[in-house]
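All remarks here apply to the structure that follows.
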Amino acid sequence: MKAIVFSARKDEKSYLIDAFEASGHEVMFEEVHLNRKTAELAAGFDAVVVFVNDQLDESCLERLAELSVKTVALRCAGYNNVNLDAAKRLGLSVVRVPAYSPYAVAEHALTLLMTLNRHVHKAYNRVREGNFLLDGLVGRDIHRKTVGVVGTGNIGSVFCQIMRGFDCRLLAYDPNPSQDLIEQGVEYVELDSLLEQSDFISLHCPLTAQTHHLISERALALMKPKAMLINTSRGGLVDTKAVINALKQGGLSGLAIDVYEEEADLFFEDQSNRVIADDDLMRLMTFPNVIVTGHQAFLTEEALTNIAQTTANNLTCLEQNASCENQLV
Ligand code: NAD
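First residue of the sequence shown? That's -9 in the working numbering, and the numbers climb one at a time after it.
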């Protein structure tokens, strides 16, 4: 197949080139995001290879279909940015990479939790300036604390297993509880109960109409003032304005996010010479107890290799008219 990769990043190109060449697919790279306006760039290609911030709404998909594109290959797990009903109506196949390394994301969630809890982000800067004071660096043992995990699929279940190593009490909320995790001692509870009891809360559910702003003003009010919230899932799970208010009022002791609800026009690009107009993100970054990383939770060598290989295999499956287990429509 002839494929065009949108939102292409330097860090992933060599992995994609290796996997596509090995599978006999032609590949070209575009740094711009795919949306209705940039869809023209897909003319002459069989497949578009897209990522989390490409906008495959109905009008973009209609233009792709007019240009005779046949396949949308997501090189990620989440697909909230693709209108699947429209794709189906237009006869476009949509494939994704359901799991490439749950360890990469779960380990990044742990990294954020530990950095926030022990103030490593502050200590790093302080020590580099020759300030070895310990004021403000007091953390809490994670050992035997209560950890709330929202969504216990691939990533959430790895996160649970990691936290068991700290001897934590694990509470989970998921409409599809995992028998394996129950046998390992994870307690499934209602969301409110998880919010009320947890010292650390980590989000690992998909962004859907039901989970949009799952962490709302109401949810934040239920949480312990000493609780810390980690979001490596999707930005839209958290109501940013509500979380800013909770932080201002001392209703939340820390927030670490790898994803942000308005990240689409900001993340994966160098904005250091521009004025960032997003006041909510800039406000968040003024808090000493907030850590933001730019959607890098997945970024390990193993994950990049798996993403590239699975994407190339997905295209091969469709080309050979074979059933593709990673096909959404
Ligand atoms: P998964 O499909 O394996 O698991 C998702 C789980 O969430 C399922 O068990 C599902 O039952 C549960 N769920 C669905 N609706 C829910 C709800 N309303 N409340 C609670 N749980 C609910 O997905 P995964 O591979 O574990 O990935 C989870 C999410 O992580 C993805 O949707 C994606 O948004 C995000 N992600 C982020 C990165 C990153 O780099 N930051 C990378 C990969 C995935």
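Every residue, glycine too, gets a C-beta built ideally from N, C-alpha and C.
Since the structure is predicted, the reported quantities are computational estimates derived from the model, not experimental observations.
Neighbourhood of residue i by C-beta, 8 Å cutoff - its chain only, sequence neighbours within 5 removed
i, result
"F122", "R116"
"I152", "A96, E97, L100"
"N73", "L46, D47, E48, L51"
"G126", "H109, K112, P278"
"V129", "The amino acid occupying residue 129 in the given sequence is Gly; Val does not appear at that position. Answer for G129: N107, R108, H109, listed in chain order."
"A254", "H23, N43, Q45"
Residue i versus residue j - alpha carbon distance
i, j, result
"S147", "I297", "20 Å"
"A211", "L237", "11 Å"
"A217", "S91", "28 Å"
"A37", "L51", "12 Å"
"E2", "L80", "30 Å"
"L204", "V228", "6 Å"
"Y163", "A246", "20 Å"
"H285", "R118", "26 Å"
"L193", "A94", "15 Å"
"Q239", "E207", "12 Å"
"P402", "F156", "Past the edges of the chain, shown from -9 to 319, lies residue 402, and the structure says nothing about it."
"L6", "G226", "28 Å"
"N144", "P215", "29 Å"
"K(-8)", "D260", "29 Å"
"P165", "P196", "12 Å"
"Q82", "T61", "The sequence given here places Leu at residue 82; Gln does not occur at that position. Rounded to whole angstroms, L82 to T61 spans 6 Å at the Cα level."
"T306", "N316", "12 Å"
"R134", "C158", "4 Å"
"D18", "F35", "Sequence inspection shows Met at residue 18; the Asp mentioned does not correspond to that position. Looking at the two C-alpha atoms, the distance is approximately 9 Å."
"Q174", "H15", "43 Å"
Minimum Cβ-Cβ distance from residue i to chain E less than 8 Å
i, result
"R116", "In summary, chain E is missing from the structure at hand, where a single protein chain is found."
In DSSP terms, what residue i is bridged to
i, result
"V228", "I205"
"M218", "F190, G244"
"L46", "V72"
"Y163", "V140"
"F35", "In the DSSP output, where bridge partners are listed per residue, F35 has none listed."
"A211", "The partner list for A211 (beta bridge, DSSP) is empty, contrary to what the question assumes."
"A(-7)", "V17, A37"
"E177", "L161"
"I281", "A246"
"Q317", "V85"
6 Å CB neighbourhood of residue i in its chain, flanking five on each side removed
i, result
"A77", "L51, V84, V319"
"V22", "T28"
"L31", "E20"
"T181", "One point to set straight first is that residue 181 is Leu, not Thr, in the sequence displayed. Y163, listed in sequence order."
Close Cβ partners of residue i (< 7 Å) along its chain, the five nearest in sequence each way excluded
i, result
"A67", "R86, V87, P88, A89"
"V249", "N221, T222, S223, R224, G225, H285"
"M272", "I266"
"S188", "T136, V137, G138, L161, A217"
3 or more residues per run - each beta strand (DSSP E) lying fully within the segment 58 to 109: Qualifying beta strand (DSSP E) stretches, in chain order: 61 to 64, 83 to 85.
Beta strand (DSSP E) runs contained entirely in the segment 252 to 312, provided each spans 3 or more residues: Every beta strand (DSSP E) of 3 residues or more that sits fully in the segment 252 to 312 is shown, in chain order, as 280 to 282.
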